[in-house]
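Undergrad: The structure follows.
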Amino acid sequence: MQPNLPRRVFLTWDDVDRLIDKLVPQFNREFNGMVIITRGGLIPGGMLAEAMGITHILTAAVDFPAEMAHQKNRLMVWPEFIQFPPEDQLLGRTMLLVDDVWGSGRTITAVKNRVSAAGGFPETCVLHFNPYRTLFNTSKPDYYADVTDARVIYPWEIDRGADRVMLGEGDRL
């Protein structure tokens, strides 16, 4: 018997364009910069930066240690910031934080808290918000294009990535 796997939705580039088009009119302010959360936020962040004329673009890379993955309290693990902008690049700036999806919400919330601690004014933005997986009952993204309960597969994830290579499904010569 197979475990209950989440429903999967495969998006096209046209779907992503439509999501970006839904986000842009939602912004009720100008942003002094953007923090793109790697890796999922790289493409939507670049698209939004271009559409909004944002040129002060920074990145944040966050990891939650894998050694805790099997433990009961694994969702309580402190994040490890692999890469994060210097405080002087955030201080006093209204920053748009961009990721692809808000699932548990841990990653973007960790980045938001660190930007706030550096004296920045963060607002969160994702393509998809999954309210059924979030760990933060009263929090949600400031901006999102769509709500879903599915595992979203973006066009840049199809037929690429470490999962496929590890399964021996990579390109063959």
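Numbering (the working numbering), first residue to last: 1 to 173.
Ideal placement from N, C-alpha and C gives every residue a C-beta, glycine not left out.
This structure is a prediction, so every number in the text was calculated from the model and none was measured.
(1) For Gln89, tell me which candidate among Gln26, Gly41, Leu58 and Gly40 has the shortest Cα-Cα distance.
(2) Give the secondary structure of Trp102 by DSSP, where H, G and I count as helix, E and B as strand, and everything else as coil.
(3) How far does the alpha helix (DSSP H) with Gly46 in it reach, from first residue to last?
(4) Looking only at DSSP bridge pairs, what is Ile57 linked to?
(5) For a test of the three-state rule: what should DSSP assign to Ala145, helix, strand or coil?
(6) Rounded to whole angstroms, what's the CA-CA distance from Gly53 to Val35? Just pull it up for me.
TA: In short:
(1) Leu58
(2) strand
(3) Leu42 to Met52
(4) Beta-bridge partners of Ile57 (DSSP): Met34.
(5) Looking at Ala145 - three-state DSSP - the assignment turns out to be strand.
(6) When rounded, the distance between both Cα atoms is 14 angstroms.
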